[in-house]
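Reminder that position 109 of the sequence shown reads as 109 in the UniProt record's numbering, one-by-one numbering, no gaps.
Glycine included, every Cβ here is placed at the ideal spot set by N, Cα and C.
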Amino acid sequence: MATSHKLHADELDIDEALVRRMVAECFPQWVGLPVEPVEPAGTSNAMYRLGAELVVRVPRIPGVVEEIAKEDVWLRRLAPRLPVPVPVPLAVGGPVDGCPWPWSVLRWLEGTTPVPGRIAEPGALAGDLADFVTAMRGIDPAGAPAAYRSESLADRDAGTRKAIAAVPDLVDAAAATAAWERALAVPAPDGPPVWLHGDLQPGNLLVSPDGRLSAVIDFGCAGLGEPAVDLIPAWYVLPAAARATFREAAAPDDATWDRARGWALSVALMEVSYYRDSDPRMTAIARHVIAEVLADHA
């Protein structure tokens, strides 16, 4: 019996048998559909394919449970305003024996996650990502919740420096510190907060066989924040040659772009520190991002 690989100390025990039982208790109309884990595994939620058209999404840890209700409300409002499909929940299940919190069933979205360094059509993908980011930040912010990453770069200073100190064997600490300090020196945003996805990393993007953006998933971090946060795919996803295309299409000012580089660095450093012993894939992606950011400063 397959059990999802644990990434967190407080993680729920989730396997195919539990997911089948959850579906049977809450949604008998889907009993009998095959259940299989989705790879690559998510870091905050476990995903299980349910038949050919559905997917079950189960929070791994208590800290992300509230995202189920947020997505159920807000994705219905955001979806019609976005240029690519997003995972609007079809149903939300209640607690069952073995799963003490809500979970969701969504429509399966086709596509594969992009692999940094192996992007088939980087220029086209850069334009698609810019279109998505532009559409998000143009949505009416009235009543929207704060994004998971709604703080300032200065608020992340202690955590970022702690992460640098924790991984001196994996990261050039002096170069990372210098790049981080340059980001901290950039002027703070002077405009109102905008809608963000909040976590535009490879695992939350799907691309079609022709390399174009086909869907964006996992809106657990979504909400209002500063626009620089959603520019991190410039370093997380795109090669240096396509970065200018993304920047031109997304049209940030210089300060926003420089803060975005700082955001990418900070997020990646914290991921290397947190996942180095539990998730080789996340660690490799984060180290790639750090190298891209440091190359920008070289």
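Please report the distance separating the alpha-carbon of residue i from that of residue j.
{"i": "residue 54", "j": "residue 216", "result": "16 Å"}
{"i": "residue 149", "j": "residue 267", "result": "10 Å"}
{"i": "residue 135", "j": "residue 81", "result": "7 Å"}
{"i": "residue 130", "j": "residue 97", "result": "43 Å"}
{"i": "residue 116", "j": "residue 233", "result": "10 Å"}
{"i": "residue 1", "j": "residue 169", "result": "Caution is warranted here: a pLDDT of 38 is assigned to residue 1, below 50, making its placement in the model unreliable, and the coordinate value is therefore given only provisionally. C-alpha separation (whole angstroms): 36 Å."}
{"i": "residue 109", "j": "residue 71", "result": "16 Å"}
{"i": "residue 188", "j": "residue 159", "result": "19 Å"}
{"i": "residue 288", "j": "residue 124", "result": "21 Å"}
{"i": "residue 151", "j": "residue 142", "result": "19 Å"}
{"i": "residue 256", "j": "residue 230", "result": "10 Å"}
{"i": "residue 106", "j": "residue 120", "result": "28 Å"}
{"i": "residue 243", "j": "residue 291", "result": "15 Å"}
{"i": "residue 56", "j": "residue 178", "result": "43 Å"}
{"i": "residue 3", "j": "residue 270", "result": "Unreliable placement is indicated for residue 3, whose pLDDT of 44 sits below 50; no coordinate value is reported for it."}
{"i": "residue 258", "j": "residue 296", "result": "10 Å"}
{"i": "residue 261", "j": "residue 235", "result": "8 Å"}
{"i": "residue 153", "j": "residue 265", "result": "11 Å"}
{"i": "residue 144", "j": "residue 227", "result": "15 Å"}
{"i": "residue 219", "j": "residue 254", "result": "27 Å"}
{"i": "residue 245", "j": "residue 283", "result": "27 Å"}
{"i": "residue 132", "j": "residue 240", "result": "20 Å"}
{"i": "residue 238", "j": "residue 122", "result": "6 Å"}
{"i": "residue 101", "j": "residue 68", "result": "9 Å"}
{"i": "residue 171", "j": "residue 263", "result": "17 Å"}
{"i": "residue 210", "j": "residue 126", "result": "14 Å"}
{"i": "residue 38", "j": "residue 31", "result": "19 Å"}
{"i": "residue 44", "j": "residue 99", "result": "15 Å"}
Is DSSP giving residue i helix, strand or coil here?
{"i": "residue 283", "result": "helix"}
{"i": "residue 14", "result": "coil"}
{"i": "residue 242", "result": "helix"}
{"i": "residue 82", "result": "coil"}
{"i": "residue 146", "result": "strand"}
{"i": "residue 98", "result": "coil"}
{"i": "residue 266", "result": "helix"}
{"i": "residue 153", "result": "coil"}
{"i": "residue 237", "result": "coil"}
{"i": "residue 128", "result": "helix"}
{"i": "residue 288", "result": "helix"}
{"i": "residue 43", "result": "coil"}
{"i": "residue 133", "result": "helix"}
{"i": "residue 184", "result": "helix"}
{"i": "residue 65", "result": "coil"}
{"i": "residue 164", "result": "helix"}
{"i": "residue 229", "result": "helix"}
{"i": "residue 248", "result": "helix"}
{"i": "residue 273", "result": "helix"}
{"i": "residue 294", "result": "helix"}
{"i": "residue 3", "result": "Note that residue 3 scores a pLDDT of 44, beneath 50, so its modelled location is shaky; the value from the coordinates is reported in the next line. Residue 3: strand per DSSP, three-state reduction."}
Using DSSP's beta-bridge definition, name the partner residues of residue i.
{"i": "residue 48", "result": "37 and 56"}
{"i": "residue 104", "result": "57 and 92"}
{"i": "residue 205", "result": "216"}
{"i": "residue 195", "result": "224"}
{"i": "residue 112", "result": "207"}
For residue i and residue j, which I take to be in contact (beta-carbon distance under 8 Å), what is that distance rounded to the nearest angstrom?
{"i": "residue 176", "j": "residue 294", "result": "7 Å"}
{"i": "residue 195", "j": "residue 156", "result": "Not a contact, Cβ separation roughly 21 Å."}
{"i": "residue 207", "j": "residue 213", "result": "6 Å"}
{"i": "residue 73", "j": "residue 48", "result": "With 8 Å as the limit, residue 73 and residue 48 do not qualify as a contact, their Cβ atoms being about 23 Å apart."}
{"i": "residue 35", "j": "residue 66", "result": "Rounded, the Cβ-Cβ distance is 25 Å, inconsistent with contact."}
{"i": "residue 225", "j": "residue 191", "result": "That belief does not hold up - the Cβ atoms of residue 225 and residue 191 are roughly 11 Å apart, past 8 Å."}
{"i": "residue 114", "j": "residue 205", "result": "6 Å"}
{"i": "residue 50", "j": "residue 23", "result": "7 Å"}
{"i": "residue 203", "j": "residue 42", "result": "7 Å"}
{"i": "residue 103", "j": "residue 93", "result": "5 Å"}
{"i": "residue 221", "j": "residue 147", "result": "6 Å"}
{"i": "residue 78", "j": "residue 139", "result": "6 Å"}
Does the CB of residue i have a neighbour CB from chain B at under 7 Å?
{"i": "residue 12", "result": "Protein chains in the displayed structure number just one, and chain B is not present."}
At a cut-off of 6 Å, would you count residue i as near the ligand GTP, judging by its Cβ distance to the nearest heavy atom?
{"i": "residue 161", "result": "Among the components of this structure there are no ligands whatsoever, and the ligand GTP is therefore not found."}
Are three or more beta carbon pairs between the segment 180-187 and the segment 86-93 nearer than 8 Å? no
Does the segment 266-280 come into contact with the segment 250-257, if we say contact requires no fewer than three beta-carbon pairs (one atom in each stretch) closer than 8 Å? no
Do the segment 55-62 and the segment 9-18 make contact, defined as three or more Cβ pairs closer than 8 Å? yes
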